[in-house]
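Student: I have a structure I would like to understand better, so I am pasting it below and will then ask my questions one at a time.
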Amino acid sequence: MKTPISKRQLLGIVSLFALFIISDGRTLNTNHQKIRAVNLGGWLVTEGWMKPSLFDSIPNKDFLDGAALQFKSKTIGKYLAAELGGGTIIVANRSSASGWETFRLWRINETSFHMRVFNKQFLGLDSTGINLVAVSNNYQTSGVFQIIRKSDDSNRVRILAPNGFYLQAKTEDVVTADSKGDGQWRDDDPSVFELTIAQRLQGEYQVTHGYGPLKAPQIMKNHWSTFIVENDFKFIATSGLNAVRIPVGWWTASDPTPPKPYVGGSLQYLDMAFLWAKKYNLKVILDLHAAPGSQNGFEHSSSRDGFIEWGQTEETIQETVRVIEFFTSRYANNPSLYAVELINEPNANGVSLSILTKYYEAGYKVVRKHAPDAFVILSNRLGGDSKELFPVASGMTNVVIDVHYYNLFSSIFDDMTVEQNIDFVQTNRSNELQAITTSNGPLTFVGEWVAEWQVRGATKEEYQRFSKAQLDVFGRASFGWAYWSLKNVNNHWSMDWMIKNGYINL
Ligand SMILES: *[C@@H]1O[C@H](CO)[C@@H](O)[C@H](O)[C@H]1NC(C)=O
Ligand SMILES: *[C@@H]1O[C@H](CO)[C@@H](O)[C@H](O)[C@H]1NC(C)=O
Ligand SMILES: *[C@@H]1O[C@H](CO)[C@@H](O)[C@H](O)[C@H]1NC(C)=O
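Those letters in the sequence shown? Residues 5 to 510, by our numbering.
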């Protein structure tokens, strides 16, 4: 017996048909709509400078992982150094401080630390149990140290060694752990050092490890659930943007039980981002911002201590390929998945082109296995040649090269005026972009830019001209662009603020 098609069934057929049209549209990638995106930076991959309050209640928060410490002996007036950068003794004979004189913390808990030197060895005591050396390549067999600050002068410190005694610089080349450290903190006390914190990292590793396993899960959950919400997607969709670039970290692929110190729960928020993107018809560029071992040494790649160790073992590459496969297969059926960026900003000073090429080939393959039509984005190396990825891209389809254009992070911008900044975008950036935007090569994407510069006290009208110049020039990238970022305590870095306050007009 035949039954008439119900309204409900009819609706089902119609929406199925609509789905076909949408999914079919995605295969027509040659006619793709240019991306006008905003990055959701600082959300699923922490960056402390974007939201400093996230770090507020970490105990002993000056001494997080990767804090780069320098110690000047008060009696000798010279810096502690790992002689030859590591592999031998510690000396106190260097009159200025840079690499060899820097000790990077590996935090155990708020009071106890390992310290890593320039050549990556860890600080410890030699077989006499007294002489300080940097010879161990294994942190577990190295030493556990404490750094005790003078209560009314936090830059005056003593260092407690694993044998229960304090370090003292007896002479320029004899540094031992055999002081009781009970004097009056005077300048003639060889156990007293002047502390300089040369660098701090405030990334995902630091925030989760800093709070520790009991507090970090709740802190991170609060952050994830408030920093970016559904309303932000609604705002983005009604602001003249059509996509979001979402930085993610490798640990999210092993949710809900990522390796320590990372905490579970982030995947749920990425899932929600995809739901919201679908609801508001926004495309998603999934961007692996943090790869295991760190591909650039910055906090935004969740570096533990500033060293670049991604790509130095086969395991880090294999694991990254698995991470890409996990994300791609999870979201391949969401119509919003538009592009997968295999790794963000690998650093030429640490990641070779041949290793990166090998990874890009493997990553491309694994994306294609699950998402035949998605764009695959290859980020240029920081400090690499702008066309060096052309050979590897030539064997790929729907492939995009990502370049990041900031009028910052280089001394050439230090003294530029407003006009010079705008001219640099209109002339130099425009030329650079044109040189890599070819008719038969990969598409081009300015995946990060910002209307911020070194100019101080610029007017709103000057910011408007600067953002407009960048929108004009970066609008010529064949794939499109993405602003860094949606939310940031620094207003000009917040596209949300810039749009709402009329600094950016789309
Ligand atoms: C910190 O770590 C050290 C070394 O593992 C341990 O001896 C100490 O008890 C720990 N302190 C706290 C407060 O957990
Ligand atoms: C520091 O001491 C070591 C060990 O005695 C010595 O080899 C080195 O030349 C000294 N460096 C300086 C800058 O004096
Ligand atoms: C920008 O391009 C112009 C013209 O090619 C060149 O003279 C100038 O040196 C470039 N500026 C910088 C800062 O590289």
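Positions of the beta carbon are idealized from the N, C-alpha and C atoms, including for glycine.
Would L382 pass as a contact of L346 if the rule is Cβ separation under 8 Å?
Tutor: For L382 and L346, yes; Cβs fall inside 8 Å.
Student: Measure how close the beta-carbons of E198 and K283 come, nearest whole angstrom, since I'm counting them as under 8 Å.
Tutor: Going by Cβ atoms, the distance from E198 to K283 rounds to 56 Å, so no, they are not a contact pair.
Student: Leaving out five residues on either side along the sequence, give the residues of the same chain with a beta carbon under 8 Å from the beta carbon of E392.
Tutor: Only L357, N384 and R385 meet the Cβ criterion.
Student: Compute the Euclidean distance between the alpha carbons of A72 and N402, then round it to the nearest angstrom.
Tutor: Their Cα atoms are separated by approximately 42 Å.
Student: Tell me whether the beta-carbon of D309 lies closer than 8 Å to the beta-carbon of G70.
Tutor: Contact flag set, yes.
Student: Roughly how many whole angstroms lie between the Cα atoms of T212 and S443?
Tutor: Going by the C-alpha atoms only, they are around 45 Å apart.
Student: Taking the alpha-carbon positions, what's the T31 to E365 distance?
Tutor: Low local confidence applies: a pLDDT of 37 at T31 is under 50, so the model's placement there is unreliable, with the coordinate-based value given in what follows. One C-alpha to the other measures close to 22 Å.
Student: What does the Cβ neighbour count give for R111, buried or exposed, with the cut at 16 atoms within 10 Å?
Tutor: Classification of R111: buried, given that the 10 Å Cβ count is 16 or more.
Student: What does the Cβ neighbour count give for E208, buried or exposed, with the cut at 16 atoms within 10 Å?
Tutor: With 16 or more other Cβ atoms within 10 Å, it is buried.
Student: Reducing DSSP to helix, strand and coil, say where L44 ends up.
Tutor: Reduced to three states, the DSSP call for L44 is coil.
Student: Identify, in the order they occur along the chain, each residue of the same chain with its Cβ nearer than 8 Å to the Cβ of T79, setting aside the five sequence neighbours on each side.
Tutor: If we look at T79 and ignore the five residues flanking it on each side, its Cβ neighbours are A173, D191, D192, D193, P194 and V196.
Student: May I ask you to check if the CB of A421 is nearer than 7 Å to at least one heavy atom of ligand 3?
Tutor: Checking the displayed sequence, the identity of residue 421 turns out to be Thr instead of Ala. Result no, Cβ not under 7 Å from ligand 3.
Student: Just reading off the alpha helix (DSSP H) that T361 is part of, what are its end residues?
Tutor: Here the alpha helix (DSSP H) through T361 covers L357 to H374.
Student: Would you decide whether S57 is buried or exposed? Buried here means 16 or more other CB atoms lie within 10 Å of its CB.
Tutor: When all chains shown are included, S57 counts as exposed.
Student: Give me whichever residues DSSP pairs with P265 in a beta bridge.
Tutor: Paired residues: none, contrary to the question.
Student: Which residues bound the beta strand (DSSP E) around I163?
Tutor: Where I163 is concerned, the enclosing beta strand (DSSP E) stretches over D157 to L164.
Student: Could you name the residues of the same chain whose beta carbon sits closer than 6 Å to that of V49, not counting the 5 residues immediately before and after it, in chain order?
Tutor: These residues qualify, in order along the chain: E208, P251, G253, H293 and A294.
Student: Using 8 Å for Cβ pairs, my map puts H496 next to E456. What's the rounded Cβ distance?
Tutor: Indeed, because the Cβ distance is near 4 Å, the residues count as touching under 8 Å.
Student: Is D177 close to ligand 2? I mean its beta-carbon at under 7 Å from any heavy atom of the ligand.
Tutor: Checking every heavy atom of ligand 2 against the Cβ of D177, one is found closer than 7 Å.
Student: Using beta carbons (cut-off 8 Å, strictly below), is F107 in contact with chain E?
Tutor: The structure shown contains no chain E; it is built from a single protein chain.
Student: Please indicate yes or no: does the CB of T332 lie closer than 7 Å to some heavy atom of ligand 1?
Tutor: Because no heavy atom of ligand 1 lies under 7 Å away, the Cβ of T332 does not count as near it: no.
Student: Identify whether F449 lies in helix, strand or coil by the three-state DSSP scheme.
Tutor: DSSP places F449 in strand when its eight states are reduced to three.
Student: Does the beta-carbon of T230 have 16 or more other beta-carbons within 10 angstroms, so that it is buried, or is it exposed?
Tutor: T230 comes out exposed.
Student: Per the DSSP calculation, T175 is bridged to which residue(s)?
Tutor: For T175, which the question treats as bridged, DSSP gives the partners V178.
Student: Which same chain residues, not among the five before or five after T441, have their C-beta less than 6 Å away from its C-beta?
Tutor: Only T448 and S482 meet the Cβ criterion.
Student: Examine ligand 3 and report whether any of its heavy atoms sits within less than 7 Å of the Cβ of N432.
Tutor: Yes, Cβ of N432 sits closer than 7 Å to a heavy atom of ligand 3.
Student: Considering only residues of the segment 181-258, which uninterrupted beta strand (DSSP E) runs meet the minimum length of 3 residues and lie entirely inside it, listed in chain order?
Tutor: If we require 3 residues or more, the beta strand (DSSP E) runs fully inside the segment 181-258 come out as 197-203 and 247-253.
Student: So, using beta-carbon positions, are Q322 and G297 closer together than 8 Å?
Tutor: Not in contact: Q322 and G297 (Cβ atoms no closer than 8 Å).
Student: Rank I508, N167, A165 and M499 by C-alpha distance to the C-alpha of I232 and give the top, closest one.
Tutor: Checking every option, the nearest Cα to that of I232 belongs to M499.
Student: Quick check: the Cα distance between N141 and G269, rounded to an integer number of angstroms?
Tutor: Rounded to whole angstroms, N141 to G269 spans 33 Å at the Cα level.
Student: Using 7 Å as the cut-off, classify the Cβ of I426 as near or not near the heavy atoms of ligand 5, replying yes or no.
Tutor: Among the ligands present in this structure, namely ligand 1, ligand 2 and ligand 3, ligand 5 is not found.
Student: Which value, in whole angstroms, describes the spacing of the CA atoms of D406 and F107?
Tutor: Cα-Cα distance, rounded: 34 Å.
Student: Rounded to whole angstroms, what's the CA-CA distance from W280 to N348? Just pull it up for me.
Tutor: The straight-line gap from Cα to Cα measures roughly 24 Å.
Student: Are V459 and F478 closer than 8 Å when you measure CB to CB?
Tutor: Against a cut-off of 8 Å, the Cβ pair of F478 and V459 comes out as no contact.
Student: Quick one: what's got a C-beta closer than 8 Å to I240's C-beta in the same chain, skipping five residues either side?
Tutor: Cβ neighbours of I240 beyond the five flanking positions: V42, V248, Y284, L286 and L490.
Student: Should the segment 142-157 be called in touch with the segment 98-106, which here means at least 3 C-beta pairs below 8 Å?
Tutor: With the cut-off at 8 Å, the segment 142-157 and the segment 98-106 do not touch.
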